Amino acid sequence: MIGYKSYCTSIPSVGNIWNVILTKPDILKIFYVQNINDAKFIQQMCSRLDELDEKKSKPLIDTVHVGQLIAASYVNGSWYRAKVIKKDNLGLYVCFIDFNDDVVFVTDYRILPEELVDVKPMAYKCYINYSSRVIEQIFLNSDFNKLITTFLSNNEMAIKFINKQEPYVVTLSYNGKRIVDIISELFWEGIMPGILDDPINLKRLIMLNKINLFDDIEVVKIKPIISTEHFFIELKSNNKLRTNIRDSIKNEKNWIPILNPKDGELVIARKNKESKLYRARSILKCATGIEYKCFLIDCGRFENCSEFFEPNIYLQSVPPVKIHCSLKLSTKCSTNLLESISLGFIDEINNFKNDMKSVQFTKVGSPCKVNIKINGLELREIIKPYNVTISHANNILDLNYFKARMVSSEVERMKQILKSTVNFSKVTNPQIFNIYVAKHKNHYKRVKLFFIYDNYYEVKLVDGSNMRVPVKELYKLPKSLENIKILDIYCSLGINKTKYSNEKLSALSNNGKTIFSMVVIKHNNENGHLVKLFLNSKDVETLIAL
């Protein structure tokens, strides 16, 4: 028996790696851990507390004060050290200091032996140093929440401390793999936590490791698409694999039924009201008690299934047809921008689903980082945010029909040249529809000539609002400015005009001087492309709301 007073509890320090038990496994927020060595000592303390004589050890409730350490009986009948939070005439509200900060009501309590009073609490408050929408999605999904929580509660984890004070910032892993990666694999690929010998997953890893990074590889399908961060692709080289899997399922005549598939078990599953069979992983039993939530391995999605069979040897020995991927973007983007880029990504793939597509793997994993090319053009360059100025299309800056002009280094260079040039060469014999330089409101602008009158020329401002204005003189366009193009596109925010203000948008645009970030989320050449505008990473819609 260890001497209680001489026992030294574990003290976390930066860089320490502990084997721990999670005593409150809500990794979305704050959770608590016990060092595995402390956990053994806690069991010894529990045994010591179980031996206390109730008649001699139970104090009168009036003698117990808030903040006092006592021994209290938990709902499982075991005794633990507890701190009194408050009390009433019926009992005490306590938290069990060696487990977590949950406050529970107890009526069965005793005086804590003196040698246990000075032993420091052995539950450490932590939070994970990784924020992810995937984790948030899982913990909002009650089915996955329960599954992950059970896994975390029932298994020993490794924890690494990043700082030296509570709440401790930590990384959390199991068998050398980060918990966030384990959760991501469950959510996106149906791979159950803790299952290390899934044969299809092992074949997937072998297949990925054979891929030559940065080679252009032809893609036949990109589906399903959830976002730029999560989508599935099928390589042309996997066409034969898909055919072989389908033929193996179709030609199998002696299916062996599985009545109650285990969590994570590989099965051949039939979706409800459908004759087709799929390779699947059974994830968990649904509330109905009849259906099971399954991950369809060669489809990249979850479905509820109700009929199950044992897969033959071949169907257990080949990798998935689809590969889980994430698009390698040109630049880092805020969450708001990323969500809009994802909508633009989905729209581009749908618009060009029959066009030639290829992929370059830059990193294999779960997901694989990739570049996608459509007809030889890098998709990430097409869907990236553009710097634009905005102006009216029909005399008024309309929320759902306005003109956006791309801002580029060439355009800025042109403005600087026009501003700094002292002497332009005057044109004596101008030609209709040619581009010249003219002075408008004390500034030199590029203009396009439309009409020649006796005392003036009627021109259209090429780089302004496309309005026609009269000018007295025309000048030759410097050669360095001849090939600079201005890209204007007509756009719509696609919003309810009764809830947003044209005037606020006009004020923000500052006569076309304000530079916005713009993402095209859906193409529409007739009524204006549907776009999202951002100003300093803030969604413009929030700035123009009534």
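Going by my numbering, 522 is the number at position 505 of the sequence shown; the sequence numbering is gapless.
Idealized CB from N, CA, C, for every residue including glycine.
As the structure is a prediction and not an experimental result, all values here were calculated from the model.
Check	Outcome
Excluding the 5 residues flanking K401 on each side, which residues of the same chain have their C-beta closer than 6 Å to its C-beta?	S347
Residues in the same chain with beta-carbon distance under 7 Å from P328, minus the five sequence neighbours each way, listed in chain order, please.	L283, V284, I285 and R296
Residue range of the alpha helix (DSSP H) that M139 falls in?	First-last for M139: undefined, no H or E at that position.
According to the Cβ coordinates, are V187 and N146 closer than 8 Å?	yes
With DSSP as the reference, please indicate the residues paired to C385 in a beta bridge.	C342
With C-beta atoms as the reference, is I176 less than 8 Å away from T245?	no
Identify every run of the alpha helix (DSSP H) within the segment 303-387, keeping only runs that are complete inside it and at least 4 residues long; order them along the chain.	330-333 and 352-368
When the Cα atoms are used, what is the spatial distance from F325 to N36?	38 Å
Once DSSP output is grouped into helix, strand and coil, what is the label at I250?	strand
Starting from M431, follow the alpha helix (DSSP H) in both directions and report where the run begins and ends.	S426 to S437
So N52 and S27 are in contact, right, with Cβ under 8 Å, and what is the actual spacing, rounded?	4 Å
V560 lies in the alpha helix (DSSP H); which residues open and close that run?	Note that residue 560 is Leu in the sequence shown, not Val. Per DSSP, L560 belongs to the alpha helix (DSSP H) from V557 to L560.
Let me know the secondary structure DSSP gives P216 once reduced to three states.	helix
Which of helix, strand or coil does DSSP assign to N261?	helix
Could you name the residues of the same chain whose beta carbon sits closer than 6 Å to that of E202, not counting the 5 residues immediately before and after it, in chain order?	I208 and S383
CA-CA distance, L301 and S408?	54 Å
Near K443, what residues of its chain come up, given a Cβ to Cβ distance below 7 Å and the 5 sequence neighbours on each side ignored?	E490 and Y492
Give the secondary structure of T40 by DSSP, where H, G and I count as helix, E and B as strand, and everything else as coil.	strand
At the level of alpha carbons, what is the spacing between L552 and M535?	9 Å
Taking a contact to mean a Cβ-Cβ separation below 8 Å, would you say Y126 touches L109 in this structure?	yes
Of the choices V486, S323 and Y470, whose alpha-carbon is the least far from that of K477?	V486
Would you decide whether K310 is buried or exposed? Buried here means 16 or more other CB atoms lie within 10 Å of its CB.	buried
Residues in its own chain within less than 6 Å of Y461 by CB, not counting five upstream and five downstream?	L435 and V454
How long is the line joining the alpha carbons of P42 and S299, rounded to whole angstroms?	24 Å
Contact defined as beta carbons within less than 8 Å: I believe K420 pairs with D505. What is the distance between those atoms, to the nearest angstrom?	5 Å
Taking Cβ positions, are E558 and Y507 nearer each other than 8 Å?	no
Taking just the CA atoms, how far does H341 sit from R318?	11 Å
Quick one: give me the first and last residue of the alpha helix (DSSP H) that I399 is part of.	L396 to I400
Measure the beta-carbon distance from S509 to N544 and round it to whole angstroms, keeping in mind my assumption that it falls under 8 Å.	7 Å
Let me make sure I understand the geometry here. Which of L225, R422, K267 and Y403 has the alpha-carbon closest to that of Q377?	L225
Identify, in the order they occur along the chain, each residue of the same chain with its Cβ nearer than 7 Å to the Cβ of V424, setting aside the five sequence neighbours on each side.	N404, V405, T406 and I532
How close, in whole Å, do the beta carbons of L157 and M174 come, if the pair is a contact with beta carbons under 8 Å?	Contact flag wrong, Cβ pair sits at about 23 Å.
Going by C-alpha distance, which of I47, N54 and K46 is nearest I38?	N54
Taking DSSP as the reference, what is the three-state secondary structure of E475?	strand
Counting C-beta neighbours from all protein chains within 10 Å, is the total for N527 16 or more, i.e. buried, or is it exposed?	exposed
Going straight from the alpha carbon of E291 to that of C322, what length do you get?	10 Å
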